[in-house]
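Novice: I have a structure I would like to understand better, so I am pasting it below and will then ask my questions one at a time.
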């Protein structure tokens, strides 16, 4: 029996992953700002520990991990899932909106990871799975600041992948596209207070698209949760796992563009070394 530690487990991907892990016979430390929401959904089970956790508070991260270790003795899988989105042009996104976003999506992830890793290092085993987004691989209008938090998650995970491998711990970043969760609802997505008319043709259209796409996204959240079980069961997990046909298409398109630009500007790129 493995023990999972899942952040943002009261709804969306988090609650579905917790549900799947419990059905597989594993133990789950499910965390949220209001753990009663988890218990209301999953019931009172011997393999489930619902714990309060605001990931922006490092002391709460250590306390939640300590409670989980006391109950189950170990943590085998960390799912850094807690986060939210901000929709708006880069210029429209205020300093306070940006700081709040980074506090959860980046610094919160780091708080929890620092709390869990000492136990995984002691075990010389574990899985760290950080939930990113297609926005962490390719930026897009209206999602620039949100995407920057996921670009950070990608970079953190790449480094973790290298640092933790010799210790028997594997790190993967998961890149979902649009899945039919509540991500585009007001409880998960904040629109910037400032909306400038000059961005009507770009970000304005993205706002309209987000409203129309809500609960009509192509990705199936249940299949996402199943994919997490497959990932955790894989003996050699990837550094990156793209999930969703929209994500695959965007990654392939960006890779082609990067390769084309690199070739086009290669002479100038190579001209900047010292002449030996």
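Residue numbers (my numbering): -15 to 260.
All C-beta atoms, glycine included, are put in the ideal place defined by N, C-alpha and C.
The structure displayed is predicted, hence computed values, not measured ones.
Report all residues from its chain with a CB closer than 6 Å to the CB of residue 254; omit the five preceding and five following residues, and keep chain order.
Specialist: none
Novice: Suppose you measure from the CA of residue 230 to the CA of residue 206; what does that come to, to the nearest Å?
Specialist: The alpha-carbon atoms of residue 230 and residue 206 are separated by roughly 17 Å.
Novice: Checking 9 Å against the spacing of the C-beta atoms, do residue -11 and residue 49 come in under that value?
Specialist: yes
Novice: Evaluate residue 249 with the Cβ neighbour count: other Cβ atoms within 10 Å of its Cβ, from every protein chain shown; 16 or more gives buried, anything less gives exposed.
Specialist: exposed
Novice: Could you check whether residue 79 and residue 183 sit closer than 9 Å to each other, using their CB atoms as the reference points?
Specialist: no
Novice: Just checking, does the stretch 53 to 68 make contact with the stretch -15 to 5 on the three C-beta pairs under 8 Å criterion?
Specialist: yes
Novice: Quickly, what does DSSP pair residue -13 with across the bridge? List them, please.
Specialist: 11
Novice: Within the continuous alpha helix (DSSP H) that includes residue 96, where are the two ends?
Specialist: 93 to 107
Novice: Using C-beta distances below 8 Å, list every residue in its chain close to residue 18, excluding the 5 sequence neighbours before and after it, in chain order.
Specialist: -6, 36
Novice: Quick check for students: name the residue ranges of the alpha helix (DSSP H) that lie wholly in the stretch 115 to 172, counting only runs of 4 or more.
Specialist: 128 to 148
Novice: With DSSP run on the structure shown, which of helix, strand or coil describes residue 33?
Specialist: In the three-state scheme derived from DSSP, where H, G and I count as helix and E and B as strand, residue 33 is classed as strand.
Novice: Pick helix, strand or coil for residue 213, following the three-state DSSP scheme.
Specialist: helix
Novice: Does the beta-carbon of residue 220 have 16 or more other beta-carbons within 10 angstroms, so that it is buried, or is it exposed?
Specialist: exposed
Novice: Between the alpha carbons of residue 104 and residue 110, how many angstroms are there, rounded?
Specialist: 6 Å
Novice: Run through the DSSP bridge pairs and tell me what residue 232 is partnered with.
Specialist: DSSP output for residue 232 lists no bridge partner at all.
Novice: Within the chosen definition, does the stretch 83 to 90 reach the stretch 142 to 159 through at least 3 CB pairs nearer than 8 Å?
Specialist: no
Novice: Mapping the DSSP letters down to three states, classify residue 110 as helix, strand or coil.
Specialist: strand
Novice: I'd like to know whether the C-beta atoms of residue 209 and residue 56 end up nearer to each other than 9 Å.
Specialist: no
Novice: Since residue 117 contacts residue 160 with CB under 8 Å, what's their CB separation in whole angstroms?
Specialist: Cβ atoms of residue 117 and residue 160 come within 8 Å of each other, at about 6 Å.
Novice: What ranges does the alpha helix (DSSP H) occupy inside the stretch 26 to 80, keeping only unbroken runs of at least 4 residues that lie completely in it?
Specialist: 42 to 56
Novice: Excluding five sequence neighbours on each side, which residues of the same chain lie with their C-beta closer than 7 Å to the C-beta of residue 222?
Specialist: 156
Novice: Here's the rule I'm using: 16 or more other beta-carbon atoms within 10 Å means buried, otherwise exposed. How should residue 134 be labelled?
Specialist: buried
Novice: Mind checking whether residue 213 and residue 16 have CB atoms under 9 Å apart?
Specialist: no
Novice: Using a Cβ-Cβ cutoff of less than 7 Å, which residues in the same chain neighbour residue 92 once the five nearest sequence positions on both sides are dropped?
Specialist: 39, 40, 66
Novice: In the DSSP assignment, find the unbroken beta strand (DSSP E) run with residue 253 in it and report its ends.
Specialist: No beta strand (DSSP E) contains residue 253, which is instead part of the alpha helix (DSSP H) from 250 to 254.
Novice: In the DSSP assignment, what are the bridge partners of residue 226?
Specialist: 159
Novice: Once DSSP output is grouped into helix, strand and coil, what is the label at residue 16?
Specialist: Strand, per DSSP.
Novice: Once the 5 residues before and after residue 32 are set aside, which same chain residues still bring their CB inside 7 Å of it?
Specialist: The residues are 6, 12, 14, 26.
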